[in-house]
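K.L.:
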Amino acid sequence: MQRKRYPKELKDQLVREVKEAGSVVQVAKRHGINDRTLSRWVRESKYSSWEKAPDEAKKMQAYVPSPQEFREMEKENNQLKQLLGEKDLKIAILTDLLKKSNPGFKTNLK
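By the numbering used here, the letter at position 45 of the sequence shown is numbered 961, and the numbering carries on one by one without gaps.
1) Assuming Ser982 is part of the alpha helix (DSSP H), what are its boundary residues?
2) Out of Val941, Ser961, Gln918 and Val980, point me to the one whose CA is closest to Glu925's CA.
3) Does the distance from the C-beta atom of Val940 to that of Asp951 stay below 8 Å?
4) Any idea what DSSP makes of Asn1018, helix, strand or coil?
5) Provide the residue span of the alpha helix (DSSP H) that contains Arg932, from first to last.
6) Identify, in the order they occur along the chain, each residue of the same chain with its Cβ nearer than 6 Å to the Cβ of Trp957, setting aside the five sequence neighbours on each side.
7) In the DSSP assignment, find the alpha helix (DSSP H) that holds Arg946 and state where it starts and stops.
8) Residues in its own chain within less than 6 Å of Asn994 by CB, not counting five upstream and five downstream?
9) Put Arg987 into one of helix, strand or coil per three-state DSSP.
10) Which residues in the same chain have their Cβ closer than 7 Å to the Cβ of Val943, if we skip the five residues on either side of it in sequence?
11) Whole angstroms are fine: how far does the CA of Ile949 sit from the CA of Ile1007?
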């Protein structure tokens, strides 16, 4: 049995459809192509786009925040941790109250 060949334009079109629709299976069914084949085309397109990228884009530096930005992010992070701790405590208290007020009520809230 001979392998079926698909033109590059069709492959590119289907890869764009997958990126827009988000579902390889749907696009493959719509066009009568094996979903594994289409998945391979999508994967290959990611690698080829990286290879086509200019060298400057590949050598970009990682973002390093200034000391002031770092302090602000650290402060926000601590506030979020405190808020999360309060929410966890509230959930634990409410779960405990629920168990005490309804001893026959079985809960698996974890």
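We treat Cβ as the ideally placed atom computed from N, Cα and C, and that holds for glycine.
P.N.:
The structure says:
1) That residue, Ser982, is in no alpha helix (DSSP H); it is neither H nor E in DSSP.
2) Ser961
3) yes
4) coil
5) Lys924 to Ala937
6) Lys927 and Val931
7) Val940 to His947
8) none
9) helix
10) Leu930, Glu933, Val934, Ala937 and Leu954
11) 49 Å
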